[in-house]
Amino acid sequence: MRIRTIATGLAALAALSAASRAIMTRVPRGIEPVTGFDARLYMGRWYEIARLNHRFERGMSDVTADYALNADGSVRVINSGVRNGRRKSVEGTARFKGSPDVASLAVSFFPGFPGGYHVFALDEGYQWAMISGPDRGYLWILARQPGMEEELYRQLVGIAVDRGFQVEGLIRVEHGTGGPPARSGASFKGNRSSSSGEQ
């Protein structure tokens with residue numbers, strides 16, 4: 223009887239874990255991940271232009287993200303930023319939730335549940351990108367350069383509004399604040415430019 227009880231409990235925990243994972247990596251209703259996605263073109267360094275604030279990036283400037291394809295098709299992720307004059311970095315792994323030509327991934331940085339990473343707007347030249355998490359409390363605008371023209375920025379904010387994000391809380395990320403530079407991204411290939419602009 224005790225063995226059956228333990229087995230039932232383990233099954234319940236497994237079901238709860240699977241449900242929690244699904245919630246944390248889900249695509250928000252009304253958000254459509256980019257299709258025809260080319261992961262090779264997405265690799266390389268990105269600069270965080272704006273974000274909705276959350277505890278793990280609170281107070282950070284000079285934020286970058288470096289991506290590199292692993293042999294198994296997953297993506298190596300290194301996020302880096304400056305807080306109180308010190309650069310902090312964290313490394314994780316992203317895996318496509320389904321087909322790799324759909325920009326919907328689950329990213330893990332620590333032991334535990336992964337988080338959703340859904341590219342829902344992307345420049346044809348992979349020079350800017352807009353990313354949602356598992357709900358509309360998470361929004362990032364990334365670019366290949368540390369700055370962005372104001373007109374383009376306003377256009378992207380307009381896209382976010384159309385998708386239902388509360389953009390009043392968007393934080394513009396400072397770059398060049400004097401903190402230590404991010405480590406070289408030379409090993410991260412695929413940082414290509416294009417006349418069309420962003421990602």
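Per the working numbering, the very first residue in the sequence shown carries number 223; after that it's consecutive.
Idealized CB from N, CA, C, for every residue including glycine.
Note that the structure is predicted; figures quoted are calculated from it, not measured.
Quickly, what does DSSP pair residue i with across the bridge? List them, please.
i    : result
S283 : V304
D288 : R267, I300
H340 : S326, S354
E313 : I300
F318 : L327
A272 : I363, R394
T399 : Paired residues: none, contrary to the question.
What are the boundary residues of the beta strand (DSSP E) that includes residue i?
i    : result
Y375 : Not the beta strand (DSSP E): Y375 falls in the alpha helix (DSSP H), residues 372-384.
I363 : 361-365
R394 : 392-394
For residue i versus residue j, is the C-beta distance shorter than 8 angstroms?
i    : j    : result
R308 : I393 : no
S321 : S311 : no
Y360 : H276 : yes
M282 : R251 : no
R358 : G391 : no
V285 : E270 : yes
F278 : D323 : no
I253 : F331 : no
Rounded to whole angstroms, how far is the Cβ of residue i from the Cβ of residue j, which I believe are closer than 8 angstroms?
i    : j    : result
A287 : V299 : 7 angstroms
R317 : A325 : Contact flag wrong, Cβ pair sits at about 13 angstroms.
V383 : V389 : 6 angstroms
By how many angstroms is the C-alpha of residue j removed from the C-alpha of residue i?
i    : j    : result
I381 : S354 : 12 angstroms
G292 : A261 : Correcting the residue type first, residue 292 is Asn in the shown sequence and not Gly. Going from the Cα of N292 to the Cα of A261 covers about 11 angstroms.
G266 : Y289 : 5 angstroms
I363 : T315 : 20 angstroms
W268 : P255 : 18 angstroms
E373 : W350 : 14 angstroms
H397 : Q367 : 10 angstroms
L263 : G369 : 20 angstroms
P336 : E313 : 13 angstroms
D345 : K319 : 22 angstroms
S416 : E371 : Because S416 carries a pLDDT of 29, less than 50, the predicted location of this residue cannot be relied on, and the following value inherits that uncertainty. The alpha-carbon atoms of S416 and E371 are separated by roughly 16 angstroms.
Y347 : P356 : According to the sequence displayed, residue 347 carries Gly and not Tyr. If I take the Cα positions, the gap works out to 26 angstroms.
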